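First up is the structure itself, then whatever we jot down about it.
Numbering (the working numbering), first residue to last: 56 to 240.
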């Protein structure tokens, strides 16, 4: 698996290649819709699957589980982009929904890529400091909801990122993993 800094560099590089800066939230589905050699399909899949992608010589396909929340669909699209653009040794892959328990190095890498692609490190750090007035720790669920909504991330993806960047511990995040719809309202 690549180092975090390499994964981050790949995410920023692809953002730039697609005409995006490294600070703004992005409309990933609009970006994907403009790609000539890429097809995106939304289809109801098993609850265990978030999406899939297929690549052959001239075409790329991303399939997204339409049963997922909008934030999770966005994360899945970015995750699949990592497979398509940075994992040379695959032709097709089906990706599990649970990002907390994956053991496969390429799946971990794609999860990290998706997080950085949708919420670049400096952008998230700046948002947390300037918009939330926070440092590490002491996050309320309302702070997490603001991050989710600004970057269009799911709760699971947001908490995963905050834990991995050291803003929250797993123990602090645990109660925020339940009652998601109610807390977002």
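C-beta: ideal position from N, C-alpha, C; glycine also. Note that the structure is predicted; figures quoted are calculated from it, not measured.
Cβ contact annotation for residue 80 (same chain, cutoff 7 angstroms, sequence separation greater than five): 205, 206 and 207, in chain order. By DSSP's assignment, residue 87 forms no beta bridge with any residue.
The alpha helix (DSSP H) runs of length 4 or more contained entirely in the stretch 127-197 are, from start to end of the chain, 160-173 and 176-181.
When secondary structure is reduced to three states using DSSP, residue 205 falls in the helix class. Secondary structure note for residue 68: its alpha helix (DSSP H) is the uninterrupted segment 59-72. By the Cβ-count criterion, residue 240 is exposed, with fewer than 16 other Cβ atoms from all chains shown falling within 10 Å of its own Cβ. Within its own chain, the residues whose Cβ lies closer than 6 angstroms to the Cβ of residue 183, once the five positions on either side in sequence are excluded, are 189, listed in chain order.
For residue 141 and residue 218, the gap between their C-alpha atoms comes out near 25 angstroms. In this structure, DSSP gives residue 217 a helical state, which the three-state scheme calls helix. Of the candidates 202, 210 and 194, 194 places its Cα closest to the Cα of residue 224. Nearest Cα to residue 61 within the set 116, 172 and 89: 172. For residue 168 and residue 174, the gap between their C-alpha atoms comes out near 10 angstroms. Bounds of the alpha helix (DSSP H) holding residue 225 are 225-228.
Contact between the stretch 69-86 and the stretch 99-110 is absent: fewer than 3 CB-CB pairs across the two stretches fall below 8 angstroms.
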